[in-house]
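Q: Next up is a structure, given as structure tokens.
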Amino acid sequence: MLATAQAVYEQQQAERAAAAAAQRTDKVLAYDPALIAAIGNQSAGGHAVCCPGYACAYGDAVLTGKANDHAA
């Protein structure tokens, strides 16, 4: 009985460790490079102070599939 309980405990610990390791791995978020290119960037657009606006526009493009201006 004790050996069975120990085996179950060890199996659960191994499963928890595997789940935690899976959460720490790198993740890749699919995106369309054409949408990012359509938004542009702050260097080419002459808007060096608009980094947060471009970051939000890139994020929106990834989530919605639509390219909006960085000022939106």
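1133 is the number of the first residue of the sequence shown in this note's numbering; add one for each residue after it.
Glycine is no exception: its CB is placed at the ideal position from the N, C-alpha and C atoms.
Computed from a predicted model, the values in this text were never measured in an experiment.
What is the DSSP secondary structure of A1204, counted as helix, strand or coil?
A: By 1-based counting over the sequence shown, the position of residue 1204 is 72. The answer is coil: DSSP assigns A1204 none of H, G, I, E or B.
Q: Measuring straight from C-alpha to C-alpha, what distance separates Q1145 and D1192?
A: Locating residue 1145 in the sequence shown gives position 13, counting from the first residue. Locating residue 1192 in the sequence shown gives position 60, counting from the first residue. Taking the straight line joining both Cα atoms gives about 39 Å.
Q: For G1197, I'd like the list of residues in its chain whose CB is within less than 8 Å of its CB, leaving aside the five on either flank, ordered along the chain.
A: Translated into the one-based positions of the sequence shown, residue 1197 becomes position 65. For G1197, where only same-chain residues beyond five positions count, the Cβ hits under 8 Å are D1164, L1167.
Q: Within the same chain, show all residues whose beta-carbon is closer than 7 Å to that of A1199, passing over the 5 residues directly before and after it, in chain order.
A: Walking along the sequence shown from the start, residue 1199 turns up at place 67. Cβ within range, chain order: L1167, A1170, I1171, A1193.
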